[in-house]
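Residue numbers (this note's numbering), protein chains in the order written: chain G, 5 to 229; chain A, 7 to 471. Just so you know, even glycine gets a beta-carbon here, dropped at the ideal spot from N, CA and C.
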Amino acid sequence: MSERENILTRVREALTVSTPKPGAKQPGKAASATRDFRSLLPAVGATYEEQLALFRANSADLKTDFYCVKDVEAVKAQLASWRDSEKWRRIASHAGSLTEAVSSSLGLPVCRTDAAYSTVELEASDIGLTECDALIAQTGSVLITNRSAGGRALSVLPPHHIVLARRNQLVSGLPEAFQLIKEKYGSNYPSMISFITGPSRTGDIERILVLGAHGPKKLTLFLLE
Amino acid sequence: MNPHARQFNADARRLSADLRHRGIINTALNKYAIKRDEKKALFQDWEGARQTAAEIKWDALSHLDQNLEKLAKTLEARGTRVHWASTAEQARAIIVGIAKAKNARAIVKSKSMTSEEIHLNDALEKAGFEVVESDLGEFIVQLRHEAPYHIVFPAMHLTRGEIRELFQKELGDAPSDNPEDLTLVARRVLRKKYVQADLGITGANFAIAETGMVSITENEGNARLTAALPKTMITLLGIEKVLPRLEDLALFLPMLATVGAAQLISGYNTLYSGPRQPGETDGPEEWHVVLLDNRRTALLADAEQRDALHCIRCGSCLNVCPIYRNVGGHTYGTTYCGPIGAVITPHLRGLRDWKHLAYASTLCGACAEACPVKIDLHHRLLQTRRNSVQEKPRWWEKLAFKGFAVIANRRPLWRYFITQGGRLGQRFHPLVKGTRLDPAYAWTKTRELPPIAPQSFKEWWRNRS
Chain G
5 MSERENILTR
15 VREALTVSTP
25 KPGAKQPGKA
35 ASATRDFRSL
45 LPAVGATYEE
55 QLALFRANSA
65 DLKTDFYCVK
75 DVEAVKAQLA
85 SWRDSEKWRR
95 IASHAGSLTE
105 AVSSSLGLPV
115 CRTDAAYSTV
125 ELEASDIGLT
135 ECDALIAQTG
145 SVLITNRSAG
155 GRALSVLPPH
165 HIVLARRNQL
175 VSGLPEAFQL
185 IKEKYGSNYP
195 SMISFITGPS
205 RTGDIERILV
215 LGAHGPKKLT
225 LFLLE
Chain A
7 MNPHARQFNA
17 DARRLSADLR
27 HRGIINTALN
37 KYAIKRDEKK
47 ALFQDWEGAR
57 QTAAEIKWDA
67 LSHLDQNLEK
77 LAKTLEARGT
87 RVHWASTAEQ
97 ARAIIVGIAK
107 AKNARAIVKS
117 KSMTSEEIHL
127 NDALEKAGFE
137 VVESDLGEFI
147 VQLRHEAPYH
157 IVFPAMHLTR
167 GEIRELFQKE
177 LGDAPSDNPE
187 DLTLVARRVL
197 RKKYVQADLG
207 ITGANFAIAE
217 TGMVSITENE
227 GNARLTAALP
237 KTMITLLGIE
247 KVLPRLEDLA
257 LFLPMLATVG
267 AAQLISGYNT
277 LYSGPRQPGE
287 TDGPEEWHVV
297 LLDNRRTALL
307 ADAEQRDALH
317 CIRCGSCLNV
327 CPIYRNVGGH
337 TYGTTYCGPI
347 GAVITPHLRG
357 LRDWKHLAYA
367 STLCGACAEA
377 CPVKIDLHHR
387 LLQTRRNSVQ
397 EKPRWWEKLA
407 FKGFAVIANR
417 RPLWRYFITQ
427 GGRLGQRFHP
437 LVKGTRLDPA
447 YAWTKTRELP
457 PIAPQSFKEW
467 WRNRS
């Protein structure tokens with residue numbers, strides 16, 4: 005018999021004895037369970053303005069730099085000024101209607117992760133510029149996939165991750181984000197789906213927060229109106 | 007007394023009197039407690055969330071066979087190789103076998119308690135492979151050749167000064183004891199390893215049966231890199247980690263982060279559903295998922311204690327446990343420490359050798375209250391005590407309780423012992439008090455025994471005018 009069958013047989017034997025639902029012994033005392041997580045999770049306002057304000061507050065808390073800008077031109081201008089002040093020499097990006105316009109405007113060599121690329125080159129890039137699937141107001145997270153954001157490494161290897169998002173990509177909470185994944189991809193999921201919340205961080209030394217442990221030290225989000 | 011219990015007692019005695027150790031733990035955990043409560047308060051209904059999470063886990067375990075079959079099927083449909091391991095030995099053999107077949111030169115690992123449970127690093131090193139832990143805390147304890155001190159905060163017991171000394175000695179680089187500088191040193195060292203590594207090993211927090219995904223929670227981005235750069239990826243997954251539906255994560259991810267690390271959600275929560283797919287430009291060419299039993303089915307078969315498999319390894323029961331906070335993580339001598347470790351270790355490694363852990367509890371119930379998936383931890387500990395006594399009763403305990411029953415069942419005798427008799431005994435007590443001859447030595451070696459009142463309530467009642 006294979007180990008698969010051995011394990012499944014032991015599981016089935018164990019499950020011949022069933023257990024009562026948690027809390028069933030203390031009726032009335034138990035808190036009530038619900039499949040609608042929205043009534044359990046942190047509250048999110050109903051209007052777009054409230055959600056935007058919550059996302060902004062969460063970003064500040066997480067040390068994410070969050071900018072609402074008018075259009076792609078504004079992003080180009082902002083990145084051009086950082087390019088000069090921080091002396092960027094190489095950027096990394098992927099094909100996307102927003103990223104394309106911005107990355108080509110900077111006049112720097114671009115490491116593209118859409119086709120075969122060199123890890124060493126990506127590692128040496130000053131920024132990773134990507135698009136995303138959604139921004140989540142409830143938690144201040146960015147939802148990306150390797151399909152929407154140029155693969156698995158682009159959003160985590162360069163020291164500064166810059167995300168371009170559209171106004172309609174802001175969703176209220178985590179349940180809505182999972183809903184969106186299901187609706188957008190059906191059963192053809194990208195092989196990596198990631199909720200990024202703030203820049204890379206660690207508290208492993210005396211529980212003191214340090215940014216940029218392994219991933220980006222900086223996370224910048226642009227929301228295009 | 008078995009050697010594990012002897013070691014526990016010796017270390018516990020030493021560390022509970024070590025004020026420096028207690029200071030470090032209290033500073034770390036008090037900071038955590040404040041932040042955790044802030045995040046908990048954001049939930050509209052934390053108790054409802056706990057109940058829901060407990061029911062989802064209960065439901066997932068009640069159909070574990072179906073969930074596992076479905077998970078394997080959905081994973082395999084996208085080209086993932088699924089392996090089944092009944093024992094730790096089998097899991098090690100599978101992983102070492104893959105490393106050999108791939109001729110791996112450098113292996114990077116992201117944090118995985120399950121890999122600690124099966125002592126994977128030892129096995130890989132014995133087979134001649136170099137393995138580097140990439141989570142900062144795990145990297146630090148690996149350099150010290152130590153086990154993690156805590157399920158979530160592996161290097162919680164060390165000060166920045168000690169870490170600086172360690173880095174100076176082992177890496178030859180530590181410009182200051184500033185945590186930021188120290189983190190940067192580790193980042194530089196580990197970046198090099200990442201670029202070289204050809205095999206990546208990760209743990210997992212959840213697996214989703216419906217969609218064939220593995221969910222990995224982290225803050226540093228090291229698991230993201232482990233799943234992006236090496237050509238081959240291996241994920242070790244305990245069979246209890248499977249959840250039925252993708253959307254269940256909308257509840258579990260923020261709950262895990264809130265009680266685990268006092269964050270509303272962790273820095274990176276990533277779902278993997280396959281190796282590199284057609285049209286994708288990076289990620290591993292091969293992905294192996296190893297499903298590990300290692301006596302989890304024995305715990306499943308114990309219906310009374312089955313809910314211990316709900317555990318999502320958040321570590322919150324450790325953080326609130328007065329015993330953990332005094333004796334620290336290494337004293338337990340187990341992979342999983344604290345209350346949850348005391349409950350599951352006897353199942354995973356044998357009741358006879360590990361029953362003493364169940365007695366390292368005040369049964370105050372702080373653990374059960376802290377548990378996000380409502381494991382009734384202190385009752386599980388009490389049941390473990392009962393089971394251990396039933397398995398192998400101690401003759402002198404039996405005798406002592408028989409003697410106690412004789413006295414307690416006879417009214418005049420009982421009354422005598424708690425009044426005149428007791429007072430008489432206490433008058434002679436100072437002769438042996440605090441010495442080995444003292445029948446109350448276990449208590450009196452560190453504490454005072456309060457004197458029996460000069461007059462009992464009954465005596466007072468009878469004599470009142």
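Which of the three DSSP states, helix, strand or coil, is assigned to Trp401(A)?
helix
Between which two residues does the beta strand (DSSP E) harbouring Phe70(G) extend?
Asp69 to Val73
Please classify Tyr278(A) as buried or exposed, where buried requires at least 16 other C-beta atoms within 10 Å of its C-beta.
Counting other Cβ atoms within 10 Å of its Cβ, Tyr278(A) reaches 16 or more and is therefore classed as buried.
Measure from the alpha carbon of Leu4(G) to the alpha carbon of each residue in Ser85(G), Ser152(G), Lys80(G) and Thr123(G), then state which is nearest.
As shown, chain G starts at 5 and ends at 229. That puts residue 4(G) outside it, with no answer to give.
If we cut at 8 Å on Cβ distances, does Leu174(G) have a partner in chain A?
no
Can you list, in chain order, the stretches of the beta strand (DSSP E) that have 3 or more residues and sit fully within the stretch 151-235 of chain A?
Within the stretch 151-235 of chain A, the runs of beta strand (DSSP E) that reach at least 3 residues and sit entirely inside it are, in chain order, 205-208, 212-214 and 219-224.
If you count every other CB in all the chains shown that lies within 10 Å of the CB of Arg39(G), and 16 or more means buried, which is it?
exposed
His69(A) in three-state terms, based on DSSP:
Three-state DSSP puts His69(A) in coil, outside helix and strand.
Hey, is the stretch 256-276 of chain A in contact with the stretch 211-226 of chain A, meaning 3+ C-beta pairs nearer than 8 Å?
Touching, yes, given that three or more Cβ pairs across the two stretches are closer than 8 Å.
Beta-carbon neighbours of Ser92(A), restricted to chain G and to distances below 7 Å
Glu7, Asn10 and Ile11
Does chain A have any CB closer than 8 Å to the CB of Ala169(G)?
no
If we require 3 or more residues per run, which beta strand (DSSP E) segments fall completely within the stretch 116-178 of chain G?
131-134, 138-140, 145-149 and 164-170
Kindly indicate which residue of His218(G), Arg171(G), Gly202(G) and Ser22(G) has the alpha-carbon position closest to the one of Thr68(G).
Gly202(G)
Can you tell me whether DSSP reads His336(A) as helix, strand or coil?
In this structure, His336(A) counts as helix in the three-state DSSP scheme.
Neighbour flag for Leu102(G) against chain A, beta carbons, 8 Å:
no
Assigned exposure category for Val214(G) - 16 Cβ within 10 Å defines buried:
Counting Cβ neighbours within 10 Å, Val214(G) comes out buried, since at least 16 surround it.
Which residues does DSSP pair with Tyr274(A) in a beta bridge?
Answer is Ile200(G) and Glu224(A).
Would Asp204(A) pass as an interface residue toward chain G - the criterion being a Cβ-Cβ separation below 8 Å?
no
Would you check if there are 3 or more beta carbon pairs closer than 8 Å linking the stretch 363-374 of chain A to the stretch 327-337 of chain A?
Contact between the stretch 363-374 of chain A and the stretch 327-337 of chain A is established, with three or more Cβ pairs separated by less than 8 Å.
Interface residues of the stretch 219-243 of chain A facing chain G [CB-CB below 8 Å]:
Met219, Asn225, Glu226, Gly227, Asn228, Arg230, Leu231, Ala233, Ala234 and Leu235
What's the gap between the Cα of Ala348(A) and the Cα of Leu363(A)?
5 Å
Residues of chain G with CB closer than 8 Å to the CB of Lys380(A), please, in chain order.
Pro26 and Gly27
Along the chain, where does the beta strand (DSSP E) that runs through Phe135(A) open and close?
Run containing Phe135(A): none; DSSP gives neither H nor E here.
In angstroms, rounded to a whole number, what distance separates the CA positions of Pro220(G) and Glu123(A)?
Each residue's Cα considered, the two are about 31 Å apart.
Out of Leu357(A), His156(A), Ala97(A) and Asp128(A), point me to the one whose CA is closest to Pro399(A)'s CA.
The shortest Cα separation from Pro399(A) among Leu357(A), His156(A), Ala97(A) and Asp128(A) belongs to Leu357(A).
Specify the secondary structure class of Phe226(G) as computed by DSSP and reduced to three states.
Residue state, collapsed to three classes: strand.
For Leu45(G), which option in Thr238(A), Ala59(A) and Glu292(A) has the closest C-alpha, if you only look at C-alpha atoms?
Ala59(A)
Segment contact flag, the stretch 99-109 of chain G with the stretch 138-151 of chain G, C-beta cutoff 8 Å, min 3 pairs
no
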